[in-house]
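Participant: Numbering (this note's numbering), first residue to last: 38 to 520.
Take a look at the structure:
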């Protein structure tokens, strides 16, 4: 087989990869930078169609890189969050998550994520003041939110509110003001950042108040970020001086730090993908929150509670784990797409649980959770598969102890994650390298065929799997009456 000069004995650059296309003998040198290679390099590997090969493979136009679910494909370069899944390590802008959870607060961590450094005292004063004074929601938007059904899922309310918020800020819409507005004017970008962070808690509280059929509580700028959220959710007929328990506000603040960002997860990558079109950030947040709404993402801690409730008692743990091994049961709250050791956030969150139990009483499910964790970590079946408790395993127990309804858990996830969304959105626009996201595909469908008129097509019975079938409709006997 002919081999190009790239495969000769000449010394190769150390930071490169030699790829030989065995179909043609062509070799290419691909630079390795930051332990990654550009996928576009493989478009150089072009080959004629093999005998019998489908033209739809586009073989003459270069090799495609297929990576379903982005298992090993980097979407961006980033300086925000680093995860070492093999060592169970997480840091934001160089700061370990354990230090931030112990010493920082959510608004300070949000500033760090978005702007790259911890704020000075004067910077933090302006930052927190601006956020806490951008918490009010327009009356017309409040009226729209009030129209949601009492049994609406709180995440549906949150997503709808942010999608609508774009219409309430036309001055912030690149479609109206010019596509490069956030690239050219950082003051406009910064204003939307504080608006979104400020209003996220208000919208979350409104979603909660709809569920319990209570009037909306106006926000207070004299409280901390999490204090204000708890105040808007829980204030009833008490005097204005009512304040939530500071221990619960602190616990929620730590949880918010732990959930603020986690690299390119499903919802954050959605934020980056949608943001690449240069649409307004409110629409981006609605899209990202929609991704987090899915049970495989933001619903994991809710699934943990349902699992522990179904187990019922410590005595039932061995039988449940046996059912998991036999593929008869699903184990939630263990393992992670990235972590191969213990999720570092789970270590911090276990301590937060004790803080909450001191105020609200010990959550009965904690005994089952501890027994399940201990049994799984002693079982080679689970340890060999790197199935260790993650952040969702403990956070649901804390939320349950604090009295939040199960379907509100994803809202408590998305509110702090808004900080991470905004950090990645800003990074993308600030990079000067923004390109609209447009993944390629590998087409495996039908080859070219000609249209057949409907009266010449073979008749076949349609099933729900194949397409639309007759859908039952309620029609009253009055409507069916003949004249």
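Note that the Cβ used here is the ideal one computed from N, Cα and C, for glycine as well.
1. Does residue 384 come out as helix, strand or coil in the three-state DSSP assignment?
2. In the structure shown, what three-state DSSP assignment does residue 159 receive?
3. On the premise that residue 65 lies in contact with residue 521, defined as a C-beta separation below 8 Å, what is that separation, rounded to the nearest angstrom?
4. Does the contact criterion of 3 or more C-beta pairs under 8 Å hold for the stretch 422-440 versus the stretch 338-350?
5. Skipping 5 residues on each side, what residues in its chain have a beta carbon closer than 7 Å to that of residue 393?
6. Who pairs with residue 174 in a beta bridge, going by DSSP?
7. Ordered along the chain, which non-local residues of its own chain (more than five positions away) have a Cβ less than 8 Å from that of residue 360?
8. Exposed or buried, what is residue 164 when buried is set at 16 or more other beta-carbons lying within 10 Å of its beta-carbon?
9. Considering only their Cβ atoms, is the gap separating residue 225 from residue 209 smaller than 8 Å?
10. Provide the residue(s) that pair with residue 129 in DSSP beta bridges, ordered along the chain.
11. Excluding the five sequence neighbours on either side, which residues of its own chain have a C-beta within less than 6 Å of the C-beta of residue 338, listed in chain order?
12. Taking the alpha-carbon positions, what's the residue 300 to residue 488 distance?
13. So, at 6 Å on beta carbons, what are the nonlocal neighbours of residue 120 in its own chain, with the 5 sequence-adjacent residues on each side left out?
14. Could you check if residue 124 is buried or exposed, using at least 16 other CB atoms within 10 Å of its CB as the buried criterion?
15. Once the 5 residues before and after residue 290 are set aside, which same chain residues still bring their CB inside 8 Å of it?
16. Under 8 Å, with one C-beta from each stretch per pair, do the stretch 209-220 and the stretch 309-326 reach the 3-pair mark?
17. If you measure between the beta carbons of residue 240 and residue 198, is that distance less than 8 Å?
18. When you compare the stretch 488-498 with the stretch 148-164, are there three or more beta-carbon pairs, one atom per stretch, that lie closer than 8 Å?
19. Using CA coordinates, which residue listed in 98, 474, 233 is at the minimum distance from residue 169?
20. Is residue 326 closer than 8 Å to residue 195 when the C-beta atoms are compared?
21. Please report the distance separating the alpha-carbon of residue 207 from that of residue 508.
22. Under the three-state reduction of DSSP, which class applies to residue 530: helix, strand or coil?
23. By Cβ distance below 7 Å, which residues in the same chain neighbour residue 79 in space, the five residues on each side in sequence not counted?
24. Using a Cβ-Cβ cutoff of less than 7 Å, which residues in the same chain neighbour residue 418 once the five nearest sequence positions on both sides are dropped?
25. Do residue 73 and residue 106 come within 8 Å of each other at the CB atom, strictly closer than that value?
Facilitator: For this structure:
1. helix
2. helix
3. Residue 521 lies beyond the residue range present for the chain, which begins at 38 and ends at 520; the question has no answer from this structure.
4. yes
5. 285, 288, 435, 438, 439
6. Per DSSP, none; premise fails for residue 174.
7. 366
8. buried
9. Residue 209 places its beta carbon less than 8 Å from that of residue 225.
10. 118, 132
11. 429, 432, 433, 446
12. 47 Å
13. 127, 300, 375
14. exposed
15. 142, 143, 261, 262, 263
16. Between the stretch 209-220 and the stretch 309-326, the count of C-beta pairs closer than 8 Å reaches three or more; the two stretches touch.
17. Here residue 240 is near residue 198, since their CB atoms are less than 8 Å apart.
18. no
19. 233
20. Yes, Cβ-Cβ distance for residue 195 and residue 326 is below 8 Å.
21. 41 Å
22. There is no way to answer for residue 530, as the model of the chain reaches only from 38 to 520.
23. Excluding residues within five positions, the ones whose Cβ falls inside 7 Å are 99, 100, 102.
24. These residues qualify, in order along the chain: 362.
25. no
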